[in-house]
Amino acid sequence: MSRSKRRSPTRDNSPPPLSAIPTAPASDAPSRRELWLVATLLVLGIGMRVAFPSRMAIEHFDEGVYASNIWFGAEADYHYPMQRLYAPPLLPSLIEWSLIFDRMGEPASHKINSFVPLVPSLFAGCLTLLVIWRM
Numbered sequence: 001m002s003r004s005k006r007r008s009p010t011r012d013n014s015p016p017p018l019s020a021i022p023t024a025p026a027s028d029a030p031s032r033r034e035l036w037l038v039a040t041l042l043v044l045g046i047g048m049r050v051a052f053p054s055r056m057a058i059e060h061f062d063e064g065v066y067a068s069n070i071w072f073g074a075e076a077d078y079h080y081p082m083q084r085l086y087a088p089p090l091l092p093s094l095i096e097w098s099l100i101f102d103r104m105g106e107p108a109s110h111k112i113n114s115f116v117p118l119v120p121s122l123f124a125g126c127l128t129l130l131v132i133w134r135m
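Set out below in structure tokens:
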């Protein structure tokens, strides 16, 4: 009697046909659910950033340097001496312009709103949420 050996079916290591591979949708547009989730997180993030404006303050020396342009005159070229060592180039200008816009149309005795110098950083922080989502 001859014994026949049973062979297991051979496995083919070739890739599956292209028709069997699932493909992504042609559009990269975010789904409605994703947009709602991002909008909810954005509103929550902005709310957390601006929830307690009385607790926001310029707390560090470098933040003071950023906001100090308005108090230096022509002898210091209208900014903190050696400011480039402490502050990125655009931020002090944005803070200065926010202070200027806050005082437009007001008398010289107008008290500066302590929230105004923080607006550029708050805006950039909130914008960061959208930038991270799109990465």
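Heads up: the sequence shown begins at 1 in the working numbering, then just goes up one per residue. The beta-carbon is built from N, C-alpha and C at its ideal position, and this holds for glycine as well.
- Per DSSP, residue 102 is one residue of the alpha helix (DSSP H) stretching across 90 to 103.
- Distance from the CA atom of residue 106 to the CA atom of residue 120, rounded to whole angstroms, is 21 Å.
- Boundaries for residue 56: no alpha helix (DSSP H) harbours it, and the DSSP string shows neither H nor E there.
- Contact between residue 116 and residue 99 holds: CB atoms are separated by about 6 Å, below the 8 Å threshold.
- Taking 9 Å as the cut-off, the beta carbon of residue 129 is found no closer than this to the beta carbon of residue 64.
- Assignment of residue 29 by DSSP, reduced to helix, strand and coil, places it in the coil class.
- If you look at residue 119, you'll find it in the alpha helix (DSSP H) that goes 119 to 134.
- Residue 118 is a Cβ neighbour of residue 56, given a cutoff of 9 Å.
- In the displayed model, residue 82 falls within coil according to three-state DSSP, outside both helix and strand.
- Cβ neighbours of residue 94 within its own chain (closer than 7 Å, five residues either side excluded): 120.
- Under the criterion of beta carbons closer than 8 Å, residue 50 and residue 122 qualify as touching, at roughly 6 Å.
- Note on residue 80: 16 or more other CB atoms within 10 angstroms of its CB, so buried under the neighbour-count rule.
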